[in-house]
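Residues 125 to 871 (this note's numbering) are what the sequence shown spells out, left to right.
Even glycine gets a Cβ: it sits at the ideal position worked out from N, Cα and C.
Read the structure below first, then the notes.
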Amino acid sequence: MRLSLKFILPLVLVLALITYALMPLVDQLTLKWFVRDLDIRSKLITDTMQLPLAELIQSDSRAKVSNFFNRVIRDERLYALGFCVQANELKFKTQTFPIDFNCTSEVKGENQSVVIKLSKGSLHFAKHAIDSEGKVIGQLILVHDMSFIERRSSDTKKYIFYLFIGLGIVISLMTVVIAQLSWRGWVAGMRALLKGEGLVKPLSQMNRPELLPLAKDLRALVRDLESDRRAKDESPISWTPKTLKAVLHDELAGDEILIVSNREPYIHNWKGEKIEVQVPASGLVTALEPIMRACSGTWIAHGSGSADRDVVDKQDHVRVPLEHPSYQIRRVWLTKEEENGYYYGFANEGIWPLCHIAHTRPTFRTQDWKHYSEVNKKFAKVVVEEAKTEDPVILLQDYHFALLPKLIREELPHATIITFWHIPWPNPEAFGICPWREEILAGLLGSSVVGFHTRFHCNNFIDTVDRFLEARIDKETSTISYGGKLTSVKNYPISIEWPSRWLKKQKPVNECRAEIRTINNMPKDILLGIGVDRLDYTKGILERFMAVERLLELYPEWIGKFTFVQIAAPTRTSIDQYQNFESQVRAMARKINDRFGRPGYEPICLKVEHHEPDMIYEYYRGADACMVTSLHDGMNLVAKEFVAAREDNQGVLILSQFTGAARELPEALVINPYNIDQCANALNIALTMPMTEQRDRMRSMRGLIQEFNVYRWAGRMLMDASRIRQRRRLMGRIQETENSLQEGPSL
Numbered sequence: 125m126r127l128s129l130k131f132i133l134p135l136v137l138v139l140a141l142i143t144y145a146l147m148p149l150v151d152q153l154t155l156k157w158f159v160r161d162l163d164i165r166s167k168l169i170t171d172t173m174q175l176p177l178a179e180l181i182q183s184d185s186r187a188k189v190s191n192f193f194n195r196v197i198r199d200e201r202l203y204a205l206g207f208c209v210q211a212n213e214l215k216f217k218t219q220t221f222p223i224d225f226n227c228t229s230e231v232k233g234e235n236q237s238v239v240i241k242l243s244k245g246s247l248h249f250a251k252h253a254i255d256s257e258g259k260v261i262g263q264l265i266l267v268h269d270m271s272f273i274e275r276r277s278s279d280t281k282k283y284i285f286y287l288f289i290g291l292g293i294v295i296s297l298m299t300v301v302i303a304q305l306s307w308r309g310w311v312a313g314m315r316a317l318l319k320g321e322g323l324v325k326p327l328s329q330m331n332r333p334e335l336l337p338l339a340k341d342l343r344a345l346v347r348d349l350e351s352d353r354r355a356k357d358e359s360p361i362s363w364t365p366k367t368l369k370a371v372l373h374d375e376l377a378g379d380e381i382l383i384v385s386n387r388e389p390y391i392h393n394w395k396g397e398k399i400e401v402q403v404p405a406s407g408l409v410t411a412l413e414p415i416m417r418a419c420s421g422t423w424i425a426h427g428s429g430s431a432d433r434d435v436v437d438k439q440d441h442v443r444v445p446l447e448h449p450s451y452q453i454r455r456v457w458l459t460k461e462e463e464n465g466y467y468y469g470f471a472n473e474g475i476w477p478l479c480h481i482a483h484t485r486p487t488f489r490t491q492d493w494k495h496y497s498e499v500n501k502k503f504a505k506v507v508v509e510e511a512k513t514e515d516p517v518i519l520l521q522d523y524h525f526a527l528l529p530k531l532i533r534e535e536l537p538h539a540t541i542i543t544f545w546h547i548p549w550p551n552p553e554a555f556g557i558c559p560w561r562e563e564i565l566a567g568l569l570g571s572s573v574v575g576f577h578t579r580f581h582c583n584n585f586i587d588t589v590d591r592f593l594e595a596r597i598d599k600e601t602s603t604i605s606y607g608g609k610l611t612s613v614k615n616y617p618i619s620i621e622w623p624s625r626w627l628k629k630q631k632p633v634n635e636c637r638a639e640i641r642t643i644n645n646m647p648k649d650i651l652l653g654i655g656v657d658r659l660d661y662t663k664g665i666l667e668r669f670m671a672v673e674r675l676l677e678l679y680p681e682w683i684g685k686f687t688f689v690q691i692a693a694p695t696r697t698s699i700d701q702y703q704n705f706e707s708q709v710r711a712m713a714r715k716i717n718d719r720f721g722r723p724g725y726e727p728i729c730l731k732v733e734h735h736e737p738d739m740i741y742e743y744y745r746g747a748d749a750c751m752v753t754s755l756h757d758g759m760n761l762v763a764k765e766f767v768a769a770r771e772d773n774q775g776v777l778i779l780s781q782f783t784g785a786a787r788e789l790p791e792a793l794v795i796n797p798y799n800i801d802q803c804a805n806a807l808n809i810a811l812t813m814p815m816t817e818q819r820d821r822m823r824s825m826r827g828l829i830q831e832f833n834v835y836r837w838a839g840r841m842l843m844d845a846s847r848i849r850q851r852r853r854l855m856g857r858i859q860e861t862e863n864s865l866q867e868g869p870s871l
């Protein structure tokens, strides 16, 4: 004991001295970090106040400005506000504004801020320009009270001091304990050796289980690392391609990334004697293509274009995009029979209507299932061929590959597999219709993570597994243990890139409005609604047309003044349900146009043809309202694309409550597409909504999409992949440590 004290006391004393020496550095770093945060906060407050303040300044109403300032400084940290006109006159200020500071006081630095110590304490001053119509009208001065920094700095120093003291005590005690245990073990070993037992007796039999708790401490460390990464995931950083690349560099440095989907991001088709590159109208491609631009890698997909075989190399690779190649596509070739059975048959006549519950009966054929299984095996073989390492990160996309995770897991047991299911997942009763439900569930549970758009769909999936498989389920952590493998079930709400690259070449909104009306032979002052969908029975196109018809019945003043443009990209045209649906859509459009149309005017403008993204964005910008009336949808990116296209903060989004997007965009006019009168009234509200209300709603939605964009969606999945890989590697080392401690070396 005396020897232990001789070791512990000097160590604690040294740590205490080190802690004391670090205190000034802690003060400096704390002040620097908080000043930076206050600079950012001041800029955000200025951006928020910019428009209303400019309007109040122009009105020259001191009472209104004073009232506005007093409301703003209710924030406990915002101490005072002032406004200087161009003549360096402090024209407006709150009563709390320091008398020692005026418009001529110097504020330096790229953020235009300074910290001044006054008798009452330190204050942070920031000065930012306020402009109106491109002309600077004055400077807004924001004063923050920094007393909270001093309090936090004091608390931080106290906690650090206690931490180092506690750390010193713990280290000392552990060192003493381990030293004593080692000494006892050595003595016991020597005694056994002298007795002739040490030559054959392992150390694991020498009463050393007390070292096993060290492995438990390592497990606790794993949990702490996961908490740290989760905090990083939820931190308010700006997600961009650069941010995504940084995540890849920091979290998955050197790791291989593969994406697998049925649909390819670029399709090469012959048009006459020339090859034309087409970007398919797919929400999946819209979301994933920017990710591959950011992180490179290989995209494995079905080569369906008429010229796809003519542009690949000997390994069936092609570099894309053409103007700036940044990743490669590996194309997989399917026979006509395979495509009909796997894609048109089982995937789109079976799983698609089964999951969407849109009152279309699913059709299951044994021959389609065989093709589906064989195509999944073919893709699994290609994935293994493309994998250059034994533990790649593989992102599997959608319902076409329900069997693929398990097939890949059998060949690449160390791979990190994240399967994202882009469509809804039904309740167990609905899914129970599928004859091969157990095989599909077992296939998906080969994934490290199964992802859905919403928590509701995650819960449905877990309940379905619970109903049909013998698996261990932990609903608190949303994990499933099946076949000795652990699968996490998580929600990742998908989004779009921000800003969209399709906006770079767009004309101003007023020019888009004029051009859309010109090319469709419409009057310049007519109001337009827009719908953009694949020609699919789940999108609620018939219900949308009935809402337009009901609008003209209830509000006949809109006849001749409002037209609805429906862009409907043809899809799955070989399936009977889709052929019949197209006929119904065309027939209803004709009926409404015959009833309410007149020479030079049609209430429905139906365009059943493929449109390039830049033209679709021009329609978004030229419309007054966008209708999304899906009967059941995982997310629906059209809603987010419309919002992203309107940097003028005008236009109204009418959104079905049965989309995942409705949970994120409550500022839209949320409707039940089956309630035709409600949809018609929502359309009337949208067409008569004041510009100020449109602006407020659109600003809020744009802010959310900017923050929760596709790069954040991808970043969350990739960070989860990193978490899984780090945990697996660390747990492997822990297992080795436990085995070593239990077995021990032989003497």
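Do F585 and F576 have their C-beta atoms within less than 8 Å of each other? yes
When we look at the beta-carbon of N833 and count the other beta-carbons within 10 Å, is it buried (16 or more) or exposed? buried
Note down, in chain order, each residue of its chain lying with its Cβ closer than 6 Å to the Cβ of K609, except the 5 sequence neighbours on either side. none
Three-state class that DSSP yields for G839 in the structure shown: helix
Would you mind working out which of P723, N386, C419 sits nearest R454, comparing C-alpha positions? N386
Determine the extent of the beta strand (DSSP E) in which G206 is found, giving its start and end residues. 202 to 208
What does the alpha-carbon distance come out to for the pair T172 and T783? 30 Å
For Y616, which three-state DSSP category applies? coil
Please classify F263 as buried or exposed, where buried requires at least 16 neighbouring CB atoms within 10 angstroms. What sits at residue 263 in the sequence shown is Gln, not Phe. It is buried - the Cβ of Q263 has at least 16 other Cβ atoms within 10 Å.
Can at least three beta-carbon pairs, one atom from the stretch 429 to 437 and one from the stretch 381 to 400, be found at a separation below 8 Å? yes
Among K259, L678, N191, which one has its Cα closest to the Cα of Q210? K259
How long is the line joining the alpha carbons of Q152 and A418, rounded to whole angstroms? 37 Å
Mind checking E510: buried by the 16 CB within 10 Å criterion, or exposed? buried
What is the DSSP secondary structure of R729, reduced to helix, strand or coil? The sequence given here places Cys at residue 729; Arg does not occur at that position. Correct three-state label for C729: strand.
Coil, strand or helix - N393 by DSSP: strand
Applying the criterion that 16 or more other CB atoms from any shown protein chain within 10 Å of the CB defines a buried residue, is D255 buried or exposed? exposed
What is the DSSP secondary structure of R332, counted as helix, strand or coil? Residue confidence is low: R332 scores 47 on pLDDT, short of 50, so the model does not pin down where it sits. Its coordinate-derived value is still stated next. Correct three-state label for R332: coil.
Three-state class that DSSP yields for M759 in the structure shown: coil
Does DSSP classify F225 as helix, strand or coil? coil
Relative to the C-alpha of M739, which candidate in S707, C636, V794 has its C-alpha closest? C636
Simplified DSSP state of D522, which is helix, strand or coil: coil
Decide if the stretch 714 to 731 is in contact with the stretch 788 to 806; the criterion is three or more beta carbon pairs, one per stretch, under 8 Å apart. no
Return the CA-CA distance between R625 and L291, expressed in angstroms with no decimal places. 52 Å
Between the Cα of L651 and the Cα atoms of T459, R745, W622, which residue gives the shortest distance? R745
Determine the burial state of T513: buried for a count of at least 16 other Cβ atoms within 10 Å of its Cβ, exposed for fewer. exposed
With a cut-off of 8 Å, does the C-beta of E463 fall near any C-beta of chain D? Given the protein chain composition of this structure (a single chain), no chain D is represented.
Proximity to T170 [Cα-Cα], best of E667, A425, V574, V196: V196
Considering only residues of the same chain and omitting the five flanking positions on each side of E234, which have a CB-CB separation below 8 Å? Because the pLDDT of E234 is 43, which lies under 50, any placement of that residue in the model is unreliable, and the number read from its coordinates should be weighed accordingly. Around E234: no qualifying Cβ.
I'd like to check one pair, F766 with G775: are the Cβ atoms closer than 8 Å? yes
Report the option in H495, T280, D590 whose CA atom is closest to the CA atom of P148. T280
Helix, strand or coil, according to DSSP, for S277 in the structure here? helix
Quick one: Cα of V732 to Cα of C582, how far? 35 Å
Between the stretch 654 to 663 and the stretch 691 to 705, do three or more beta carbon pairs fall short of 8 Å? yes
Mind reading off the beta-carbon distance from P445 to P365? Whole number of angstroms is fine, and I expect it under 8 Å. About 14 Å separates the two Cβ atoms, so there is no contact after all.
Hey, which unbroken runs of the beta strand (DSSP E) at 3 residues or more fall wholly within the stretch 551 to 634? 573 to 576, 596 to 598, 603 to 606, 609 to 615
Nearest by alpha-carbon distance to K530: which of H546, M646, N500 is it? N500
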